[in-house]
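>
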Amino acid sequence: MADLVFVLLSILTVVSALIVAGNSSVIYSAVGLLFTFMGVAGLYVLASADFLAATQMLVYVGGILVLILFAVFLSNRISDAKLSNPTHMRVPSAIVCIALFGLMSNAAVTTEWAVKTNVEYAPTTAVLGRLLMTKYLLPFEVVSVLLLAALIGAALLSRPESAKAALKPDMEEGQ
Amino acid sequence: MSLDKFLVVSAALFCCGLYTIMTRRNGVALLMGVELILNAANINFVAFSHYLGKVMGGQIFAVFVIVIAAAEAAVALSIFLRLFATAGSVEVDTADSLKN
Numbered sequence: 022m023a024d025l026v027f028v029l030l031s032i033l034t035v036v037s038a039l040i041v042a043g044n045s046s047v048i049y050s051a052v053g054l055l056f057t058f059m060g061v062a063g064l065y066v067l068a069s070a071d072f073l074a075a076t077q078m079l080v081y082v083g084g085i086l087v088l089i090l091f092a093v094f095l096s097n098r099i100s101d102a103k104l105s106n107p108t109h110m111r112v113p114s115a116i117v118c119i120a121l122f123g124l125m126s127n128a129a130v131t132t133e134w135a136v137k138t139n140v141e142y143a144p145t146t147a148v149l150g151r152l153l154m155t156k157y158l159l160p161f162e163v164v165s166v167l168l169l170a171a172l173i174g175a176a177l178l179s180r181p182e183s184a185k186a187a188l189k190p191d192m193e194e195g196q
Numbered sequence: 286m287s288l289d290k291f292l293v294v295s296a297a298l299f300c301c302g303l304y305t306i307m308t309r310r311n312g313v314a315l316l317m318g319v320e321l322i323l324n325a326a327n328i329n330f331v332a333f334s335h336y337l338g339k340v341m342g343g344q345i346f347a348v349f350v351i352v353i354a355a356a357e358a359a360v361a362l363s364i365f366l367r368l369f370a371t372a373g374s375v376e377v378d379t380a381d382s383l384k385n
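Chain order of the listed sequences is U and A. Those letters in the first sequence? Residues 22 to 196, by my numbering. Those letters in the second sequence? Residues 286 to 385, by my numbering.
If you want it as structure tokens, here you go:
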């Protein structure tokens, strides 16, 4: 049963990733990305990562994908353009990518992995929370500061010029 | 369902992302390719953590990768919006005013 679910999720993931790679419309690519993220979340569940699957749905599907869709809508002239997304140098890229896929899957299949004997499925949220607050506390704090800096930078960067000009006199008075 | 099958799926996802990055000129589409590659890496982390790892290190690393991806997407998309306001397009090869 689990094997069947794995095969279905893999097909969903890979086919929608191919749509992202091959479709000529940015909107269709974004919708393909939605199904890829969902398939990857399902694969996380099959690899006993339930908390990560929920995070994937919240952050990727609820956050990053909405952001990408907004960028698509804001960065194309909806009225006159057809949201096209042309591709260049298709054949050489396809050759390189297929060769790389063959190489990587060959390496994955032929290597004898030292798989542990007791592969078990258990809830991971409690363990992850404990690790984040003890062993990985410093990376956790660093990444939270990085996220804050990136979000402030993004907000400042996407501000229109007029708003920046209106902001400046206030700042000078403040000094 | 075994480790090598997870790795093959992740390799396919990685190659789709690489193909997207190699063929597209639209900045937003390039970002989608980057997200595909990050997801492929995350599948690898989680699968290795499940089949080989004794502690949860792989899953912790995947959490950090998701956070970095969110930060990267926010900054990159705001840069593309600014590029659209200045150059009138998000095609990355139109952003060559430093060269000319």
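Here a beta-carbon is modelled for each residue, glycine too, at the ideal position from N, C-alpha and C.
(1) Under 7 Å between the Cβ atoms of U:N44 and U:S50?
(2) Using a Cβ-Cβ cut-off of 7 Å, state whether A:L289 counts as contacting chain U.
(3) To the nearest angstrom, report how far apart U:L159 and U:N97 are at their CA atoms.
(4) For A:L292 versus U:A129, is the C-beta distance shorter than 7 Å?
(5) To the nearest angstrom, how far is the alpha carbon of U:G53 from that of A:A358?
(6) I'd like to know if A:I322 contacts chain U, where contact means its C-beta is closer than 7 Å to some C-beta of that chain.
(7) Apart from the five residues on each side of it in sequence, which residues of its chain come closer than 6 Å, Cβ to Cβ, to A:N327?
(8) How many Å lie between U:S179 and U:K156 at the Cα?
(9) Exposed or buried, which one is U:D101 when buried takes at least 16 other CB atoms within 10 Å?
(10) Give a yes or no on whether 7 Å exceeds the smallest Cβ distance from U:F56 to chain A.
(11) Distance cutoff 7 Å, beta carbons only. Does A:A296 sit that close to anything in chain U?
(12) Take U:Q196 and list the residues in its own chain whose beta-carbon comes closer than 7 Å to its own, dropping the five residues that flank it on each side.
Well, looking at it:
(1) As a first step, residue 44 of chain U is located in the first sequence; it is residue number 23 there, counting from the start. As a first step, residue 50 of chain U is located in the first sequence; it is residue number 29 there, counting from the start. Yes, the pair counts as a contact, with Cβ atoms nearer than the cut-off.
(2) Here residue 289 of chain A is taken as the residue at index 4 of the second sequence, counted from 1. Here the sequence assigns Asp to residue 289 of chain A, which means Leu is not the residue at that position. Under the Cβ criterion of 7 Å, A:D289 is counted among the residues facing chain U.
(3) Counting from one through the first sequence, the residue named residue 159 of chain U turns up at place 138. Counting from one through the first sequence, the residue named residue 97 of chain U turns up at place 76. Distance between the alpha carbons of U:L159 and U:N97: 41 Å.
(4) Position 7 of the second sequence, counted from the start, is the residue given in the question as residue 292 of chain A. Position 108 of the first sequence, counted from the start, is the residue given in the question as residue 129 of chain U. Their beta carbons are under 7 Å apart, which means A:L292 touches U:A129 by this criterion.
(5) Indexing the first sequence from 1 puts residue 53 of chain U at position 32. Indexing the second sequence from 1 puts residue 358 of chain A at position 73. In a straight line, the C-alpha of U:G53 is about 17 Å away from that of A:A358.
(6) Taking the second sequence and counting its residues from 1, one reaches residue 322 of chain A at position 37. No, its Cβ sits nowhere closer than 7 Å to a Cβ of chain U.
(7) Counting from 1 along the second sequence, the entry for residue 327 of chain A is found at position 42. Excluding residues within five positions, the ones whose Cβ falls inside 6 Å are A347, V350.
(8) Working through the first sequence from its first residue, we reach residue 179 of chain U at position 158. Working through the first sequence from its first residue, we reach residue 156 of chain U at position 135. Within the model, the alpha-carbon separation for U:S179 versus U:K156 is close to 37 Å.
(9) By 1-based counting over the first sequence, the position of residue 101 of chain U is 80. Since pLDDT at U:D101 reaches only 49, below the 50 mark, its modelled position is unreliable, and no value is offered.
(10) Reading the first sequence from its first residue, position 35 is the one you call residue 56 of chain U. Not closer than 7 Å to any Cβ of chain A, the Cβ of U:F56 fails to qualify, so no.
(11) The residue given as residue 296 of chain A occupies position 11 in the second sequence. Any Cβ of chain U closer than 7 Å to the Cβ of A:A296 would place that residue at the interface, and such an atom is present.
(12) For the purposes of this step, residue 196 of chain U is taken as the residue at position 175 of the first sequence. Low confidence applies here, because U:Q196 scores a pLDDT of 49, under 50, leaving its location unreliable; read the following figure in that light. Correct list: empty, nothing qualifies.
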